[in-house]
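Residue numbers (the working numbering), protein chains in the order written: chain A, 106 to 301; chain B, 215 to 434.
Right, one structure below, let's go through it.
This is the structure we're talking about:
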């Protein structure tokens, strides 16, 4: 299979069949928060994709070493989280001291994006060690797109769930959760059941 | 530091500590009001045993992480803190996972990916990154214990319902009744729907309390 086809398939998988946000229920707390800041949604999604790419590449490099030793295998989630923390610290340090103007703009989304990339990428990193370079790029791209689309949908949903026609007890979060539940049902039919 | 000193000086801090604990437990429940850490509830909370294991794991991760950041968090610059919280949470995961596996042998395998994802649970990270560095240890402990207990109650309640609908039993023991339910009750969408109704219940109670206190206020 050509590298481009691999990239496209990995992107499509992340957006549709392996969409952890709607069919896996993973990472939702942060998508809800992203949806409350429509102006930063694009930037947030870009960093989710970027951090996912670095985490997947780093995990691809570390994965075979971890898989070879059953004792180290137990440490795997902690090692991935530390890798993501280091990537975040490097990015934050570089931006803060070299590009302070850019840092001021991206500071509110940088840390949540780094944490979210672990939540979104770790399920697949844990299951598959062998993401080739292009697959990793495709999956990271798909994760960013999926995050953006989910934020977009939820921003609209949250605006509707605040309206006066919704009963007071259901206004805002309860109605949004029900909305996501119904949307998740569609994705469950699409993916055919549990992702993990 | 200034805030901590101010809090120390404030009278009636024991009552405040109790309020912080009960806020996390019910009135400002992290899942139902704050929408924090939803995935263990919607995706992993489909049987009670798993719910209890995840709750214990969360307690064992968040308590030491919270204490550490209460003590040293205010000395770290804001840009560095989220990365440090994540790294410390990952370090605390190792003894926590070992401990839970000792209490429930084989639980790490059954929890699968959800055990590892507990490291970056948004409830743990928000309490340790935002709340712990600016408050006294007593308040931090009350907040974390209240939030973890509130979180666990929701997780276990949702898990009980889903396990009962799936198997007609709870904690692998038959209750003698069987309600036929589709396998869909174990899927995340069902968790979101149950959570939606529970969140509406808590919001309804909060609204009623507000209304009641508003009516009582003029009398006093």
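The beta-carbon is built from N, C-alpha and C at its ideal position, and this holds for glycine as well.
Let me know the alpha helix (DSSP H) ranges lying completely inside the region 295–360 of chain B, each 4 residues or longer, listed in chain order.
295–317, 321–325, 327–331, 336–340
DSSP three-state label for residue 109 (chain A), please.
As a working mapping, residue 109 (chain A) is identified with position 4 in the first chain. Helix, per DSSP.
Taking a cut of 9 Å between CB atoms, which residues from the region 320–333 of chain B lie near chain A?
322, 326, 327, 328, 329, 330, 331, 332, 333
Simplified DSSP state of residue 243 (chain B), which is helix, strand or coil:
In the second chain, counting from the first residue as 1, residue 243 (chain B) sits at position 29. The answer is coil: DSSP assigns residue 243 (chain B) none of H, G, I, E or B.
Kindly indicate if chain B contains any beta-carbon less than 8 Å away from that of residue 273 (chain A).
Here residue 273 (chain A) refers to the residue found at position 168 of the first chain. With 8 Å as the cut-off, residue 273 (chain A) counts as an interface residue toward chain B.
Would a check of beta-carbon distances place residue 428 (chain B) closer than 8 Å to chain A?
Residue numbering aside, residue 428 (chain B) sits at position 214 when the second chain is read from its first letter. The C-beta of residue 428 (chain B) comes no closer than 8 Å to any C-beta of chain A.
For residue 268 (chain A), which three-state DSSP category applies?
As a working note, residue 268 (chain A) is residue 163 in the first chain. Correct three-state label for residue 268 (chain A): coil.
For residue 211 (chain A) and residue 200 (chain A), which I take to be in contact (beta-carbon distance under 8 Å), what is that distance rounded to the nearest angstrom?
Locating residue 211 (chain A) in the first chain gives position 106, where the first residue counts as 1. Locating residue 200 (chain A) in the first chain gives position 95, where the first residue counts as 1. The Cβ separation is near 7 Å, so the contact holds.
Give the straight-line distance between the Cα atoms of residue 234 (chain A) and residue 169 (chain A), rounded to the nearest whole angstrom.
By 1-based counting over the first chain, the position of residue 234 (chain A) is 129. By 1-based counting over the first chain, the position of residue 169 (chain A) is 64. Residue placement at residue 234 (chain A) cannot be trusted, given a pLDDT of 48 that sits under 50; the coordinates are not used to answer.
In this structure, does DSSP put residue 224 (chain B) in helix, strand or coil?
Position 10 of the second chain, counting from 1, holds the residue named residue 224 (chain B). The pLDDT assigned to residue 224 (chain B) is 49, lower than 50, so where the model puts this residue is not dependable; a value taken from the coordinates is nonetheless given after this. In the structure shown, residue 224 (chain B) sits in coil (DSSP, three-state: anything other than H, G, I, E or B).
The region 126–141 of chain A: positions lying closer than 9 Å to chain B by Cβ:
Answer set for the region 126–141 of chain A: 127, 128, 129, 130, 131, 132, 133, 134, 135, 137, 138.
If you check the beta carbons only, do residue 239 (chain B) and residue 410 (chain B) fall under 8 Å apart?
Taking the second chain and counting its residues from 1, one reaches residue 239 (chain B) at position 25. Taking the second chain and counting its residues from 1, one reaches residue 410 (chain B) at position 196. No, the Cβ-Cβ distance between residue 239 (chain B) and residue 410 (chain B) is not below 8 Å.
Going by beta-carbon coordinates alone, are residue 368 (chain B) and residue 273 (chain B) separated by less than 8 Å?
For this step, residue 368 (chain B) is matched to residue 154 along the second chain. For this step, residue 273 (chain B) is matched to residue 59 along the second chain. For residue 368 (chain B) and residue 273 (chain B), no; Cβs fall outside 8 Å.
Is the number of C-beta pairs between the region 285–303 of chain B and the region 153–173 of chain A that are closer than 8 Å three or more?
no
So, with DSSP's three-state summary, where would you put residue 249 (chain B)?
Counted from its first residue, the second chain places residue 249 (chain B) at position 35. Residue 249 (chain B) falls in the coil class under three-state DSSP.
For the region 141–155 of chain A, which residues have a beta carbon sitting closer than 9 Å to at least one beta carbon of chain B?
none
Sequence-distant residues of the same chain with beta carbon closer than 7 Å to residue 213 (chain A), five excluded per side:
Taking the first chain and counting its residues from 1, the one referred to as residue 213 (chain A) is at position 108. Only 145 meet the Cβ criterion.
At 7 Å on the CB atoms, spell out the chain A contacts of residue 413 (chain B), in chain order.
As a first step, residue 413 (chain B) must be located in the second chain, where it is residue number 199. What residue 413 (chain B) touches in chain A: 278, 279, 282.
Assigned secondary structure, residue 260 (chain B) (DSSP; H/G/I helix, E/B strand, else coil):
Indexing the second chain from 1 puts residue 260 (chain B) at position 46. In this structure, residue 260 (chain B) counts as coil in the three-state DSSP scheme.
What is the DSSP secondary structure of residue 131 (chain A), counted as helix, strand or coil?
For the purposes of this step, residue 131 (chain A) is taken as residue 26 along the first chain, with counting starting at 1. Correct three-state label for residue 131 (chain A): coil.
Evaluate residue 319 (chain B) with the Cβ neighbour count: other Cβ atoms within 10 Å of its Cβ, from every protein chain shown; 16 or more gives buried, anything less gives exposed.
Here residue 319 (chain B) refers to the residue found at position 105 when the second chain is read from its first residue. Counting Cβ neighbours within 10 Å, residue 319 (chain B) comes out exposed, since fewer than 16 surround it.
Skipping 5 residues on each side, what residues in its chain have a beta carbon closer than 6 Å to that of residue 260 (chain A)?
For the purposes of this step, residue 260 (chain A) is taken as the residue at position 155 of the first chain. Same-chain partners within the cutoff: 140, 143.
Report whether the distance from the Cβ of residue 233 (chain B) to the nearest heavy atom of the ligand NAP is below 7 Å.
The ligand NAP is not among the ligands present in this structure, which contains no ligands whatsoever.
Does DSSP classify residue 291 (chain B) as helix, strand or coil?
If you number the second chain from 1, residue 291 (chain B) lands on position 77. Coil at residue 291 (chain B), not helix or strand.
Between residue 378 (chain B) and the rest of its own chain, which residues show a CB-CB distance below 6 Å, the 5 nearest in sequence each way excluded?
Numbered from its first residue, the second chain carries residue 378 (chain B) at position 164. 384, listed in sequence order.
Determine the contact status of residue 255 (chain A) and residue 266 (chain A), defining contact as a CB-CB distance below 8 Å.
Numbered from its first residue, the first chain carries residue 255 (chain A) at position 150. Numbered from its first residue, the first chain carries residue 266 (chain A) at position 161. Not closer than 8 Å, so no.
Quick one: is residue 256 (chain B) near chain A, going by C-beta distance under 8 Å?
Reading the second chain from its first residue, position 42 is the one you call residue 256 (chain B). Yes - at least one Cβ of chain A is within 8 Å of the one on residue 256 (chain B).
Does residue 211 (chain A) come within less than 8 Å of chain B when only Cβ atoms are used?
Position 106 of the first chain, counted from the first residue, corresponds to residue 211 (chain A). Using a CB distance cut-off of 8 Å, residue 211 (chain A) does not count as an interface residue toward chain B.
Sorted by chain position, which residues of the same chain lie with C-beta nearer than 7 Å to residue 113 (chain A)'s C-beta, five sequence neighbours on each side aside?
The count along the first chain starts at 1 and reaches residue 113 (chain A) at position 8. 243.
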